[in-house]
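For the sequence shown, our numbering assigns the number 1 to the initial residue and increments by one for each residue that follows.
Take a look at the structure set out below.
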Amino acid sequence: MAKRNLQEIVEENVKVLKLLNEASVRTLTTKELKQLSEYPGFFGCEELFDPENEQTSELREQVRELISLKAYQQVKVAPMQAHLSEDVVKLIYEKLQDFGIDDAKIFIPGSGIGTLMKAPRVLAPWISFTGIEMNPVDANVCSLVYPTADIQNTA
1 MAKRNLQEIV EENVKVLKLL NEASVRTLTT KELKQLSEYP GFFGCEELFD
51 PENEQTSELR EQVRELISLK AYQQVKVAPM QAHLSEDVVK LIYEKLQDFG
101 IDDAKIFIPG SGIGTLMKAP RVLAPWISFT GIEMNPVDAN VCSLVYPTAD
151 IQNTA
């Protein structure tokens with residue numbers, strides 16, 4: 001897959017932010033929930049939130065118009081936070097199975113958009129999750145994509 005540029009990432013994020021706003025007034029379709037599950041987030045988009053960068057001011061404003069000030073403040077720090085790749089997550093669950101764990105309740109501080117919850121749907125459906133996420137956008141995405149998980153938006 002080709003590396004996406006900032007414009008493409010922001011466009012994908014804007015679509016998701018619009019869906020989240022829609023989700024507050026209606027039930028999302030299966031297709032829309034799939035779109036949410038592919039939410040790229042703002043990891044690696046440091047230049048977007050640089051107030052000195054005039055080239056990104058329009059993109060920054062698009063994002064700012066779609067979310068609350070509190071959510072925007074949280075989203076601004078997202079590019080600097082660690083994210084797990086799906087390969088690492090898959091390895092974690094394979095090791096749980098190797099150890100014979102067949103019943104688990106997992107607490108995930110900083111659950112993000114639920115990357116740790118994605119693989120278990122197939123690899124370990126017996127796992128239940130509680131996630132704490134400070135970023136309200138990520139917490140909202142996670143709770144919509146993984147409705148059986150207990151996701152809390154709090155610090």
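All residues carry an ideal CB built from backbone N, CA and C; glycine is no exception.
- If the five residues before and after Leu-59 are omitted, its C-beta is found closer than 8 Å to the C-beta atoms of Leu-6, Gln-7, Val-10 and Leu-48, all from its own chain and listed in chain order.
- Between the alpha carbons of Gln-55 and Gly-100 lies a distance of about 52 Å.
- Asp-150: member of the beta strand (DSSP E) spanning 150-152, first to last residue.
- Taking all protein chains in view, the Cβ of Pro-136 is crowded by 16 or more other Cβ atoms within 10 Å, so the residue is classified as buried.
- Here the C-alpha atom of Asp-102 lies approximately 23 Å from the C-alpha atom of Ile-132.
- DSSP places Ser-128 in the strand class (E or B) of the three-state scheme.
- About 13 Å separates the CB atoms of Cys-142 and Ile-106; that is not less than 8 Å, and the two are not in contact.
- Judged by DSSP secondary structure, Pro-147 falls outside any alpha helix (DSSP H); it is assigned neither H nor E.
- Per DSSP, the beta bridge partners of Pro-109 are Ile-132.
- Buried is the label assigned to Asp-138, since at least 16 other Cβ atoms lie within 10 Å of its Cβ.
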